[in-house]
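Engineer: Chains as they are written, first to last, in this note's numbering: chain A, 1 to 785; chain B, 786 to 934.
The C-beta atom is built at its ideal place from N, Cα and C for all residues, glycine as well.
Note that the coordinates shown come from a computational prediction; the quantities given were computed from them, not determined experimentally.
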């Protein structure tokens, strides 16, 4: 009985146990299912969110600006027309800088030229988009005779051309932080053969897969296992693009997963043609110094100096081959490797039916056909490019400058710049070797067009290519006697009180500058000449009469004149400012003297002419603007004296060293710390500063230092015919009168010491000076003068 | 002849024969075409194109640029017109005709201050060109477009 009793109990307990375990396992299943379900839900949510995030990342980039395109800076275009001063050397340099190829037969392609009889040029220009529109490639022929362009015709035609503009030399790039350089190309402009070769080599099933290609992955895995290492990649073009555009180069599993996911998303969002075009513009194909060469179009220019569309198939094959390893196969360094790689690609092209066997045989026998390494990326004019950036910064932020692909057209003249650089190197070296106290000299040389105020050249270091402290803009130094024309101009603007014949007092002067401080200015020769005429004081740079005149005029009036002349810095109004004891940069001085050079029209110096956007559409122009700052008659009187400075004054050496007349002024500061010369012709203005960075003495005056450099530079302009003299044309209302050189009274041509000076009508002296007849020698001298 | 002429004068344009209609239209077209052309030495008062009195004294390169500038001016491309004149100034800044044209473009742009300055620059380099000087003087005195009609 017990058994039966027990049995059911047992059964009961067993049942209970079974039930419990069933419950437990059911619970477990339930909980498992539930957690799994929740887990799956959460995972799906997370995965979906992550995909969503990746998708946004892709579409954001692809719909916006995919790449940071560097801005490019161009020199002035060379204008060719009959009568232009042009030497064979100058034109050759221009064509060399434009990377034109010199050929011995007739030029047939854009970017080629030949020279016949050393003075006849046949040139085929390239297409170029200027600010005012596109200029198509054109053939021209020209001849140069006696440093002038004698004839200009269409190539192989008798039709004359009045004017032709060569495309400008690219002088620098303003690069994004990545230093990436590229030229964009549209897919329909890409040769079919290149696309075929690219797909044959990199992704045969590009048009079949969805971003990732399992077949390629398996094939690559097998190949790698067989080879015992990585010999083949299974990445599709889409994956490569994703890796380059969105991911870091690290080789991790998570990056690989992201790459695959993003590749699929990219394919879902975008058409194959968009992906292919983006790849063609993105792919890295070489290195030029610090700049990375991206995209096939730029690579074509970089390796072959011609657009992609003009390449032969073997050249396309080389570019495609470079995708695998631009450094390993670098054609200029590893020619044999590059040839082998190119030939591999050519064989694949044969397999795909893009070549016949005969063509393959022909191509594999060819040399690589590389062009000379272009110079387009280096920044050869650091000081000028610094000025370009500063002037652009007022209109564009730094990020836009570095990434928007702007085309910036400047007024830099590469030929004048090269002359300026050569003069700086030569003269600084010579000054240091011939002057025992001159060492560690530094310098600035600025050249601008006199009438338009356009910077043509700028050197800011004795080593012109050195990129560092921009002395032309930032070396703010005392200007010494360069102030004097401004003081005399202030006086001559009052013709009823002052003329070039006004008598100034050149006797000792003592000025109480503060409670117990006396200032006694000295002349450079430490002598006093009693009385001097105003024009003599300027021509011979007499300090004491200048200070006296300045105080008489009023320091604030002089400060006003400086501002009218284009000086924008604050000028202190203490007595020693009349001797230039205040600081300006060479650029400030150039602005000031430009107003003299342009006969009273103040044209703020500029270097940028125009800016185009990346598509070649005009963005901004910086037009020529001028303000009539100063009365032209008063300016003429000062310029007359500045001309005499270069004939009989402190810069009289110029009279013998140049074949054309010029005008200018020397400047020297205390202890010979700064040596200045600012001078101009009708067409060119140049300012030279020589000093030391530690502000120690240079041992040089304006005449023995800066003037030498200025002269050397202008002599080169003179030789090449680029120098037009200073014409000193009197405006209406100016009368020339003979006056006595000592008293300033009226005199006559034949009188001893008489000098002919210009006067603003009505301001001529009325009192007659005694006339002592000039000797026969003096009269002969005057006759020849 | 007498009859037919009287007969014709009584008709309106729409009643004229096809030959006369075409002839009249051609005359009209030539006249309009003449108005829209700009040649050196001519004044197109409706568009304020400056007369170049001594164009024969200008070098070909300057004439070419002035002509190009005029075309841009007529197409209302004033910035382009100014840029082309600046090219001429760079080649030779001593032609008052170019500076004066720049003054004119500035007037059209509504920048009377720069128009005056460029007229002054023109005067500062002009040689024996009383007509152009008078034109510049008018711009300097009034600084307005209306004054030169």
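By the 10 Å Cβ neighbour count, where 16 or more other Cβ atoms means buried, how is residue 606 of chain A classified, buried or exposed?
Structural biologist: The residue is buried, with at least 16 neighbouring Cβ atoms inside 10 Å.
Engineer: Under DSSP, the beta strand (DSSP E) around residue 684 of chain A begins and ends at which residues?
Structural biologist: Run containing residue 684 of chain A: 684 to 691, per the beta strand (DSSP E) assignment.
Engineer: For chain A, check one thing: does any of its Cβ atoms lie closer than 7 Å to the Cβ of residue 905 of chain B?
Structural biologist: Judged by the 7 Å Cβ criterion, residue 905 of chain B is in contact with chain A.
Engineer: Nearest to residue 397 of chain A by alpha carbon, out of A:665, A:448, A:176, A:295?
Structural biologist: It is A:176 whose Cα lies nearest to the Cα of residue 397 of chain A.
Engineer: So that I know if they touch, is there some Cβ in chain B lying closer than 7 Å to that of residue 633 of chain A?
Structural biologist: No, no contact with chain B.
Engineer: Taking residue 905 of chain B as part of the alpha helix (DSSP H), name the residues at either end of that continuous run.
Structural biologist: From DSSP, the alpha helix (DSSP H) with residue 905 of chain B extends over 897 to 910.
Engineer: Could I get the ranges of all uninterrupted beta strand (DSSP E) runs contained in the stretch 704 to 770 of chain A, with 3 residues as the minimum, in chain order?
Structural biologist: Listed in chain order, the complete beta strand (DSSP E) runs (minimum 3 residues) inside the stretch 704 to 770 of chain A are 734 to 740, 754 to 760.
Engineer: Distance check for residue 184 of chain A and residue 242 of chain A, CA to CA, integer angstroms please.
Structural biologist: Cα to Cα, residue 242 of chain A sits roughly 18 Å from residue 184 of chain A.
Engineer: Under a three-way DSSP split, which group does residue 281 of chain A fall into?
Structural biologist: Helix at residue 281 of chain A.
Engineer: Going by DSSP, name the residue or residues bridged to residue 72 of chain A.
Structural biologist: Bridge partners of residue 72 of chain A: A:173, A:407.
Engineer: Please return the same chain residues whose Cβ sits closer than 8 Å to the Cβ of residue 153 of chain A, not counting the five positions on each side in sequence.
Structural biologist: Closer than 8 Å at the Cβ level, and outside the excluded window around residue 153 of chain A, lie 140, 141, 142, 159, 160, 161.
Engineer: Any beta carbon of chain A sitting closer than 7 Å to that of residue 867 of chain B?
Structural biologist: Yes, contact with chain A.
Engineer: Out of A:441, A:661, A:663, which has the shortest C-alpha to C-alpha gap to residue 462 of chain A?
Structural biologist: Selected option, being the one with the closest Cα: A:441.
Engineer: Can you give me the Cβ contacts of residue 671 of chain A inside the same chain, cut-off strictly under 6 Å, excluding the 5 residues immediately before and after it?
Structural biologist: Excluding positions up to five away in sequence, the list reads 697.
Engineer: Just the chain B side, please: which residues come within less than 8 Å of residue 83 of chain A by C-beta, in chain order?
Structural biologist: Neighbours of residue 83 of chain A on chain B, chain order: 844, 846.
Engineer: Kindly indicate which three-state DSSP category residue 146 of chain A falls into: helix, strand or coil?
Structural biologist: The answer is coil: DSSP assigns residue 146 of chain A none of H, G, I, E or B.
Engineer: Using a cut-off of 7 Å between C-beta atoms, extract the partners of residue 599 of chain A located in chain B.
Structural biologist: Within 7 Å Cβ-Cβ: 909.
Engineer: Which of the three DSSP states is assigned to residue 448 of chain A in this structure?
Structural biologist: DSSP places residue 448 of chain A in strand when its eight states are reduced to three.
Engineer: With a threshold of 7 Å on Cβ separation, who are the neighbours of residue 482 of chain A within its own chain once the five nearest residues in sequence on each side are excluded?
Structural biologist: Here the set comprises 580, 589, 665, 667, 676, 678.
Engineer: Spatial neighbours of residue 592 of chain A within its chain, please: C-beta separation below 6 Å, excluding the five flanking residues on both sides.
Structural biologist: Correct list, in chain order: 565, 566, 567.
Engineer: Just reading off the beta strand (DSSP E) that residue 665 of chain A is part of, what are its end residues?
Structural biologist: Unbroken beta strand (DSSP E) run through residue 665 of chain A: 663 to 668.
Engineer: Mind listing which residues of the stretch 108 to 138 of chain A have their C-beta closer than 7 Å to chain B's C-betas, in chain order?
Structural biologist: From the stretch 108 to 138 of chain A, only 131, 132 have a Cβ closer than 7 Å to chain B.
Engineer: Can you give me the Cβ contacts of residue 421 of chain A inside the same chain, cut-off strictly under 7 Å, excluding the 5 residues immediately before and after it?
Structural biologist: Closer than 7 Å at Cβ, skipping near neighbours: 459, 464.
Engineer: Quick one: complete beta strand (DSSP E) runs, 3+ long, within the stretch 612 to 644 of chain A?
Structural biologist: Taking only runs of at least 3 residues, the beta strand (DSSP E) segments lying wholly in the stretch 612 to 644 of chain A are 618 to 621.
Engineer: Counting beta carbon pairs with one atom in the stretch 505 to 514 of chain A and one in the stretch 621 to 639 of chain A, are three or more of them shorter than 8 Å?
Structural biologist: Too few Cβ pairs lie closer than 8 Å, so no.
Engineer: Taking any Cβ of chain B, which residues in the stretch 741 to 752 of chain A have a Cβ under 8 Å from it, in chain order?
Structural biologist: So nothing in the stretch comes that close.
Engineer: Beta-carbon separation of residue 658 of chain A and residue 714 of chain A under 7 Å?
Structural biologist: For residue 658 of chain A and residue 714 of chain A, yes; Cβs fall inside 7 Å.
Engineer: I'd like to check one pair, residue 603 of chain A with residue 446 of chain A: are the Cβ atoms closer than 7 Å?
Structural biologist: Contact flag unset, no.
Engineer: Less than 7 Å between C-beta atoms, sequence neighbours within five positions excluded: which residues of the same chain meet that for residue 212 of chain A?
Structural biologist: The residues are 236, 239, 260, 263, 264.
Engineer: Flag this pair as yes or no: are the beta carbons of residue 532 of chain A and residue 545 of chain A separated by less than 7 Å?
Structural biologist: Cβ atoms of residue 532 of chain A and residue 545 of chain A: closer than 7 Å.
Engineer: Exposed or buried, residue 393 of chain A, counting other C-beta atoms within 10 Å across all chains shown (16 or more means buried)?
Structural biologist: Exposed: under 16 other Cβ atoms inside 10 Å.
Engineer: If you draw a straight line from the alpha carbon of residue 507 of chain A to that of residue 743 of chain A, how long is it in whole angstroms?
Structural biologist: Their backbone Cα atoms lie some 16 Å apart in a straight line.
Engineer: Would a check of beta-carbon distances place residue 141 of chain A closer than 7 Å to chain B?
Structural biologist: Residue 141 of chain A does not count as touching chain B.
Engineer: Helix, strand or coil: which one does DSSP assign to residue 238 of chain A?
Structural biologist: Here residue 238 of chain A sits in helix by DSSP.
Engineer: Tell me, please, which residues DSSP counts as bridged to residue 601 of chain A.
Structural biologist: Looking at the DSSP assignment, residue 601 of chain A forms a beta bridge with A:628.
Engineer: Taking C-beta pairs closer than 8 Å, name the residues in chain B that residue 594 of chain A reaches, listed in chain order.
Structural biologist: Within 8 Å Cβ-Cβ: nothing; residue 594 of chain A doesn't reach chain B, min ~13 Å.
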